[in-house]
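Engineer: Pasting a structure here, questions to come.
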Amino acid sequence: MMTRKAFSFALPMVLLAAACSDNSDTAPDPDATMTVEPDGGIGDGAGPPEPVTADTVPAAFLGVWDAGGGDCAPASLTRMEILPTTFQFYESHGDVTRIEVDSPEKIVVSLAMEGEGEQWQMARMFTLSDNGQKLTPSAVDPEEQFEPTPLTKCE
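Residues -17 to -1, 1 to 138 in mature numbering (1 follows the signal peptide of the UniProt record, and there is no 0) are what the sequence shown lists, from first letter to last.
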């Protein structure tokens, strides 16, 4: 009797263990490819991660910047002053409408611009280098004709 009870208890355990083990003799196919979605995802249906945004321009980007030959004076044609929510240029200014933070050294800023009786929208990528002393603006739209000119932080 004792043997039958032990057997009836042990049999389900052995069957359960056998069902959970992978006795497959086939190795994974090294040439198999993973599905990649058009946005670069791995085929799991998830979209790309949302960009990190900020309400104000990060502190490292704030201040007055001017091109190499500029003198940082308010009348300099290449002078740019970055405040937490606005950008001031020689004859125009822009109110920040969106800030995407790619890294501590790179942001993308969308601006509602106004100057010389005109209004327009503009987006620029700003990249810091040289320990935060150089700032290079560049176009976000690859079709836009824009020559990146490094700016130096004014003292």
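Just so it is clear, CB atoms sit at the ideal spot from N, CA and C, and this is done for glycine as well. Because the structure is a prediction, the values reported are computed rather than measured.
Confirm, please, whether the CB-CB distance from L118 to F44 is below 8 Å.
Structural biologist: Their beta carbons are under 8 Å apart, which means F44 touches L118 by this criterion.
Engineer: Per the contact definition of three or more C-beta pairs closer than 8 Å, is the stretch 131 to 138 in contact with the stretch 41 to 61?
Structural biologist: Because the criterion of three Cβ pairs below 8 Å is met, the stretch 41 to 61 and the stretch 131 to 138 touch.
Engineer: Going straight from the alpha carbon of Q104 to that of A37, what length do you get?
Structural biologist: Approximately 19 Å, taken between the alpha carbons.
Engineer: Identify whether F44 lies in helix, strand or coil by the three-state DSSP scheme.
Structural biologist: In this structure, F44 counts as helix in the three-state DSSP scheme.
Engineer: Pop quiz: E99 and S121 are said to be a contact at Cβ under 8 Å. What is the actual Cβ separation, rounded to whole angstroms?
Structural biologist: Not a contact, Cβ separation roughly 23 Å.
Engineer: Might you give, ordered along the chain, the residues of its own chain that have their beta carbon closer than 6 Å to the beta carbon of G115, omitting 5 neighbours on each side?
Structural biologist: So the qualifying residues of the chain are A43.
Engineer: Compare the Cα-Cα distances from V40 to each of Q128, T61, T110 and P67 and report the closest residue.
Structural biologist: Residue P67 is the option with its Cα nearest to V40.
Engineer: Rounded to a whole number of angstroms, what is the C-alpha to C-alpha distance between Q128 and G30?
Structural biologist: The alpha-carbon atoms of Q128 and G30 are separated by roughly 31 Å.
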